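Reviewing the structure listed below.
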Amino acid sequence: MHLTVEPRVLYFGTPVVLLSTSNEDGSANLAPMSSAWWVDQSCMLGLDETSHTTKNLISTGECVLNLASSDLVGAVDRLALLTGSPVVPEHKLRKGYRYERDKFKAAGLTETASEKVRPPRVAQCPVHLEAVVDRVHPFGEDGSGLVAVEARVVRVHVEESLLIPGDRRHIDADRWDPLIMKFCEFYGNSRNVHPSRLASAWAIPGPTSANTGA
Ligand SMILES: Cc1cc2nc3c(=O)[nH]c(=O)nc-3n(C[C@H](O)[C@H](O)[C@H](O)COP(=O)(O)O)c2cc1C
Numbered sequence: 001m002h003l004t005v006e007p008r009v010l011y012f013g014t015p016v017v018l019l020s021t022s023n024e025d026g027s028a029n030l031a032p033m034s035s036a037w038w039v040d041q042s043c044m045l046g047l048d049e050t051s052h053t054t055k056n057l058i059s060t061g062e063c064v065l066n067l068a069s070s071d072l073v074g075a076v077d078r079l080a081l082l083t084g085s086p087v088v089p090e091h092k093l094r095k096g097y098r099y100e101r102d103k104f105k106a107a108g109l110t111e112t113a114s115e116k117v118r119p120p121r122v123a124q125c126p127v128h129l130e131a132v133v134d135r136v137h138p139f140g141e142d143g144s145g146l147v148a149v150e151a152r153v154v155r156v157h158v159e160e161s162l163l164i165p166g167d168r169r170h171i172d173a174d175r176w177d178p179l180i181m182k183f184c185e186f187y188g189n190s191r192n193v194h195p196s197r198l199a200s201a202w203a204i205p206g207p208t209s210a211n212t213g214a
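Encoded structure:
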């Protein structure tokens, strides 16, 4: 039986991205976000227009999507109530957010230089997607305060141990353990539960026997 309900949030589960952007003075800002999806070589990022990240994205047109693995949950959580906005917006003050200039340090994460864009990558994240902003779309009802930022990936870096050995085109899904935000909770430790017809149709290699124990 299905009930008609009114959930407070509709966050049924998306990967956590640490979005790095450049501040006006060239220093880096870093923010967790999870309203992200990808099609082809582009992605759409759902963001609060008052966040410092959004301002940096609009003024510089560049970012890095650092995909967090589940073992980075502590670092992600340390960033949760921080903002790079020196003047903390009222709605964030009420929730206990504070300004932090150096979020890499606050999270215990390390900057590493990007190749195609100015914002740095997060060394500890196994996947880095350097991207440029193509368009910024209004999102939601009038006055929602939300935007959808459309960004195009221009360079991809993946930790070698996640790749199918000798293959730079395919990531072994069994080895990639994304941190997932489900509602407002953190989840990880993915496991393959069923063969995929889509993977067969796209001729994408399946889980390795080493990983499945087969
Ligand atoms: C796990 C997680 C996921 C989040 N997802 C989003 C999101 O998808 N969009 C968004 O605007 N804020 C999201 N936030 C909140 C931002 O991280 C928060 O607004 C932060 O202050 C932004 O930092 P900034 O002001 O320095 O850009 C998320 C926070 C956490 C901890």
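Sequential numbering from 1 applies to the sequence shown in UniProt numbering.
Note that beta-carbon positions come from the ideal geometry of N, C-alpha and C, so glycine has one too.
Remember, predicted model here, so these are calculated numbers, not experimental data.
Next on the checklist: Just to confirm the assignment: which complete alpha helix (DSSP H) runs, minimum length 4, are found wholly within the region 52-128?
Outcome noted: Entirely contained in the region 52-128, the alpha helix (DSSP H) runs reaching 4 residues are, in chain order, 52-60, 73-79, 90-95, 103-107.
Checklist entry - What are the start and end residues of each continuous beta strand (DSSP E) run of 3 or more residues lying completely inside the region 150-186, in chain order? => result Taking 3 residues as the shortest admissible run, the region 150-186 contains the following complete beta strand (DSSP E) segments, listed from N- to C-terminal end: 180-182.
Next on the checklist: Spatial neighbours of K182 within its chain, please: C-beta separation below 8 angstroms, excluding the five flanking residues on both sides.
Outcome noted: Closer than 8 angstroms at Cβ, skipping near neighbours: Y11, F12, G13.
Checklist entry - Taking one C-beta from the region 138-148 and one from the region 112-130 each time, how about it: are there three or more such pairs within less than 8 angstroms? => result Taking a cut-off of 8 angstroms for Cβ pairs, the region 138-148 and the region 112-130 do not touch, as fewer than three such pairs fall below it.
Item to check | Residues bridged to L19 (per DSSP) | outcome: In the DSSP secondary-structure assignment, L19 is bridged to A31, L65.
Item to check | Residues that DSSP places opposite S42 in a beta bridge | outcome: Partner(s): V39, R152.
Item to check | Own chain, CB closer than 7 angstroms to P119, minus 5 neighbours either side, in chain order | outcome: Counting only Cβ-Cβ distances below 7 angstroms, and skipping sequence neighbours, we find S20, T21, S22, A28, E62, C63, V64.
Item to check | Bounding residues of the alpha helix (DSSP H) (the contiguous stretch that carries L10) | outcome: For L10, there is no enclosing alpha helix (DSSP H), as DSSP marks it with neither H nor E.
Item to check | S200: first and last residue of the uninterrupted alpha helix (DSSP H) it sits in | outcome: Per DSSP, the continuous alpha helix (DSSP H) segment holding S200 begins and ends at 197-201.
Checklist entry - Which of helix, strand or coil does DSSP assign to T14? => result The answer is strand: DSSP assigns T14 an E or B state.
Next on the checklist: Nearest by alpha-carbon distance to D77: which of D174, V149, M33 is it?
Outcome noted: Taking the Cα of D77 as reference, the smallest distance to any Cα among D174, V149, M33 is reached at M33.
Item to check | K105 beta carbon less than 8 angstroms from that of G84 | outcome: In this structure, K105 does not lie closer than 8 angstroms to G84 by Cβ.
Checklist entry - By how many angstroms is the C-alpha of M1 removed from the C-alpha of V17? => result Distance between the alpha carbons of V17 and M1: 35 angstroms.
Item to check | Rounded separation between A210 and W202 - CA only | outcome: Note on A210: pLDDT 45, under 50, position unreliable in the model; the coordinate value appears next. Going by the C-alpha atoms only, they are around 22 angstroms apart.
Next on the checklist: As a quick exercise: from S51, V73, N56, S59, pick the residue whose alpha carbon is nearest that of E90.
Outcome noted: Out of S51, V73, N56, S59, S51 has the C-alpha closest to the C-alpha of E90.
Item to check | S85 CB to nearest heavy atom of ligand 1 below 7 angstroms | outcome: Answer for S85: yes, Cβ within range of ligand 1.
Next on the checklist: Please report the distance separating the alpha-carbon of E160 from that of G188.
Outcome noted: Their Cα atoms are separated by approximately 20 angstroms.
Next on the checklist: Suppose the cutoff is 7 angstroms on Cβ atoms and the five residues either side in sequence are ignored; what does the same chain contact list for G166 look like?
Outcome noted: Same-chain partners within the cutoff: there are none.
Next on the checklist: Quick check: the Cα distance between H157 and P205, rounded to an integer number of angstroms?
Outcome noted: The C-alpha of P205 is placed about 20 angstroms away from the C-alpha of H157.
Checklist entry - Comparing the CB of P32 with every heavy atom of ligand 1, is any distance shorter than 7 angstroms? => result Distances taken from the Cβ of P32 to the heavy atoms of ligand 1 include one shorter than 7 angstroms.
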